[in-house]
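Contents: one structure, followed by commentary.
Residue numbers (our numbering), protein chains in the order written: chain X, 32 to 440; chain F, 318 to 568.
See the structure below:
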């Protein structure tokens, strides 16, 4: 089924509202969904991402397929959410799980509002005050469906005062499942959170996700967001840096091959003085892959002494690939430091010649250089088990066979 | 081993080599000298197969095969090695990973026994030691943040491991202090053997005090205009290039 963008937007809203009604949603969540506009072609923030894939009717059915593969455990502590439902959990002392948590601030997209309206079983992990959790908590969020269908996983991680923990938010999807996810990370004073967002769903699946990083306290958050492309991947990441002295570091890698798609929309909101944020993302696109990166730094009036940086470097592996990158600065203060840079380049011919001159075949040289480009970031991953899983994963994506016509390019 | 006949070559379509002849036999060390812009580095890059360096006439045969028909990696697999004038920095690719890929490919192509990772590491450490490079350099990105001298020693370290049949050294002496120069020369000399050819491209005679060549050639305006023994290098040191090229030169 093919619909015009505006007809599709209407259709999606109708489906979403019908599902919310079936679910018995009410109150603010329903009101927000009712007021929301689903993106049309002219919606600026969705300019490079068409929702046409959803005309297949993903919102009309609930994903309930069986998974044929499962993720390896990257920790002793694993929480498994399949098709939006919690199926098992094993957590250390000091971490509790409930289905009832604080409201999530800062949601903006209609898909996030829809998640709020229908996610019946949010997984809320709370780390007790002044507790240090040694091993990361591995949250496996998995979906499967042979036919177009969707699920709405919702994860909230709360670090109370002085808590220190690492959380791996790890997605896996099979078939035609659309994962419509919302994750919120909420940190109190003196909390330290290391967060991984690993998105390696199958190419046929779809992911629309919102990540909210809500630094309510003077806290430090390091977030590593690694992803491959699939039929549709859209990430809306919004960080609310809202207490003086808070520090946020976000690093990421996205790789799109074949016809896969990734759209990352990041926004860091600096609303109080003297906070630091850094966004450093690297992207690679090959074949007809398409990647979008929009990194926004919003420094509100009064947020003096802010130090915010943004970097997005990209590599185009061949002429058919596409990368759209844009830094967006909105600054209402003089007394701030704000540095940004985005580039799109190709593999360095001299580096390639150097490798070839040592006997390394052209294709292998390209693979080594592509991996080298992202390796700088991979080498900074603080947890060895995550690095050991992520490196071969992205390596395999980069080793992806190039068509014969491209070999000499 | 290397047979260059009436070689014409262009760099980005500009003619640089204009009828160059040179024969290198196994066991010989040749020095190619000449003023800036004479085509010395072009010759080295053309032989290694760099992009935009095109052979437009004549031929360059390596062990009987035309180099023009071979990709850069095939030339290396056949036993040709170029020590770069400006070694390239490759952040994110470790020296060790790079050596592993290079040696697997070259040793495989030459039918040499494959080195397992323990052997490779042992050999690489020994090669580092030979050129006074700390073994920690193996873990770093290829040439990443290396000083000029460290880069040149890294080139020689690779050469020691690759055991090429023909080694081309492009201005390996430039930017080296006297200690580093001696270290590099010692490395090169250790590779001298009856089966191996070595071509040194250099602007100055200094390197030739430490690596004594069998033949010295003067390259000017894309051609070899004079050849002789090692004494020719001393003559050039005294008189400059002007008496051969007919031009004033301030070296």
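All C-beta atoms in this analysis are idealised placements derived from N, C-alpha and C, irrespective of residue type, glycine included.
Let me confirm a value: residue 537 of chain F is counted as buried when at least 16 other C-beta atoms fall within 10 Å, else exposed. Which label applies?
By the 10 Å Cβ count, residue 537 of chain F comes out buried.
Consult DSSP for residue 382 of chain X and reduce its assignment to one of helix, strand or coil.
Helix.
Can you pull the chain F neighbours of residue 403 of chain X, defined as C-beta to C-beta under 7 Å?
What residue 403 of chain X touches in chain F: 407, 408, 409, 410.
Cα-Cα, which of X/337, X/412, X/267 is closest to residue 215 of chain X?
Answer by Cα proximity: X/267.
Which of helix, strand or coil does DSSP assign to residue 414 of chain X?
The answer is coil: DSSP assigns residue 414 of chain X none of H, G, I, E or B.
Which residue spans inside the stretch 438-481 of chain F form an unbroken beta strand (DSSP E) run of at least 3?
DSSP runs (the beta strand (DSSP E)) wholly in the stretch 438-481 of chain F: none.
Chain F beta carbons: is any one of them nearer than 9 Å to that of residue 429 of chain X?
Output row for residue 429 of chain X: interface = no.
If you drop the 5 nearest sequence neighbours on each side, which residues of the same chain put their C-beta closer than 6 Å to that of residue 213 of chain X?
Result list for residue 213 of chain X: 143, 146, 185, 241, in chain order.
Could you tell me the distance, in whole angstroms, from the CA atom of residue 233 of chain X to the CA atom of residue 211 of chain X?
Cα to Cα, residue 233 of chain X sits roughly 15 Å from residue 211 of chain X.
For the alpha helix (DSSP H) containing residue 397 of chain X, name the first residue and the last one.
From DSSP, the alpha helix (DSSP H) with residue 397 of chain X extends over 393-409.
For residue 319 of chain F and residue 396 of chain F, I'd like the C-alpha separation in whole angstroms.
The alpha-carbon atoms of residue 319 of chain F and residue 396 of chain F are separated by roughly 11 Å.
Assuming contact is defined by CB atoms lying nearer than 9 Å, are residue 296 of chain X and residue 259 of chain X in contact in what I supplied?
Cβ atoms of residue 296 of chain X and residue 259 of chain X: not closer than 9 Å.
Which class does residue 521 of chain F belong to by DSSP, given the choice of helix, strand or coil?
If DSSP states are grouped into helix, strand and coil, residue 521 of chain F belongs with coil.
Taking only runs of the beta strand (DSSP E) that begin and end inside the stretch 212-297 of chain X, which ones reach a length of at least 3 residues, in chain order?
Whole beta strand (DSSP E) segments, 3+ residues: 223-230, 237-246, 251-259, 263-272, 278-287.
What does the Cβ neighbour count give for residue 530 of chain F, buried or exposed, with the cut at 16 atoms within 10 Å?
Buried is the call here.
On the criterion of 16 or more Cβ atoms from any shown chain inside 10 Å, does residue 45 of chain X qualify as buried, or is it exposed?
Classification for residue 45 of chain X: exposed.
Hey, is residue 513 of chain F's beta-carbon within less than 9 Å of any beta-carbon in chain X?
Not an interface residue.
By Cβ distance below 6 Å, which residues in the same chain neighbour residue 161 of chain X in space, the five residues on each side in sequence not counted?
So the list reads 193, once near-sequence residues are dropped.
Report back the beta-carbon spacing between residue 389 of chain F and residue 460 of chain F to the nearest angstrom; my notes put them in contact at under 8 Å.
With 8 Å as the limit, residue 389 of chain F and residue 460 of chain F do not qualify as a contact, their Cβ atoms being about 18 Å apart.
From residue 393 of chain X to residue 387 of chain X, what distance separates their C-alpha atoms?
If you take the alpha carbons of residue 393 of chain X and residue 387 of chain X, they lie about 6 Å apart.
Run the CB neighbour count on residue 107 of chain X, radius 10 Å, all protein chains shown included, and call it buried at 16 or more, exposed below.
Exposed: under 16 other Cβ atoms inside 10 Å.
Identify whether residue 303 of chain X lies in helix, strand or coil by the three-state DSSP scheme.
Coil at residue 303 of chain X, not helix or strand.
Check for me: the beta strand (DSSP E) holding residue 533 of chain F runs from which residue to which?
Segment 532-537, the beta strand (DSSP E) holding residue 533 of chain F.
Do residue 209 of chain X and residue 263 of chain X have their C-beta atoms closer together than 9 Å?
Contact: yes.
Would you say the stretch 323-339 of chain X touches the stretch 341-350 of chain F, given that touching needs at least three Cβ pairs under 8 Å?
No, the stretch 323-339 of chain X is not in contact with the stretch 341-350 of chain F.
Spell out a yes or no on whether the stretch 246-258 of chain X and the stretch 70-81 of chain X are touching, meaning 3 or more CB-CB pairs, one atom from each, closer than 8 Å.
Not touching, per the Cβ criterion.
Grab the span of the alpha helix (DSSP H) containing residue 392 of chain F for me, first residue to last.
Unbroken alpha helix (DSSP H) run through residue 392 of chain F: 389-395.
With a CB to CB cut of under 6 Å and the five nearest residues on each side skipped, what residues in its chain are close to residue 277 of chain X?
Within the same chain, residue 277 of chain X has close Cβ partners 246, 249, 250, 306.
Please classify residue 409 of chain X as buried or exposed, where buried requires at least 16 other C-beta atoms within 10 Å of its C-beta.
The residue in question, residue 409 of chain X, is buried, as its Cβ has 16 or more Cβ neighbours within 10 Å.
Report all residues from its chain with a CB closer than 8 Å to the CB of residue 167 of chain X; omit the five preceding and five following residues, and keep chain order.
Within the same chain, residue 167 of chain X has close Cβ partners 105, 106, 108, 196, 197, 198, 199, 225, 227, 414, 416, 417.
Pick out whichever of X/401, X/38, X/130 has its Cα sitting closest to the Cα of residue 287 of chain X.
Measuring from the Cα of residue 287 of chain X, the nearest candidate turns out to be X/401.
Less than 9 Å separating the beta-carbons of residue 524 of chain F and residue 515 of chain F?
Result no, Cβ atoms of residue 524 of chain F and residue 515 of chain F do not sit closer than 9 Å.
Between residue 549 of chain F and the rest of its own chain, which residues show a CB-CB distance below 6 Å, the 5 nearest in sequence each way excluded?
Excluding sequence neighbours, residue 549 of chain F sits near 533.
Does the distance from the C-beta atom of residue 493 of chain F to that of residue 466 of chain F stay below 9 Å?
Their beta carbons are under 9 Å apart, which means residue 493 of chain F touches residue 466 of chain F by this criterion.
Against chain F, with Cβ distances strictly below 9 Å, would residue 433 of chain X count as a contact?
Note that residue 433 of chain X scores a pLDDT of 43, beneath 50, so its modelled location is shaky; the value from the coordinates is reported in the next line. With 9 Å as the cut-off, residue 433 of chain X does not count as an interface residue toward chain F.
For residue 298 of chain X and residue 371 of chain F, I'd like the C-alpha separation in whole angstroms.
Looking at the two C-alpha atoms, the distance is approximately 49 Å.
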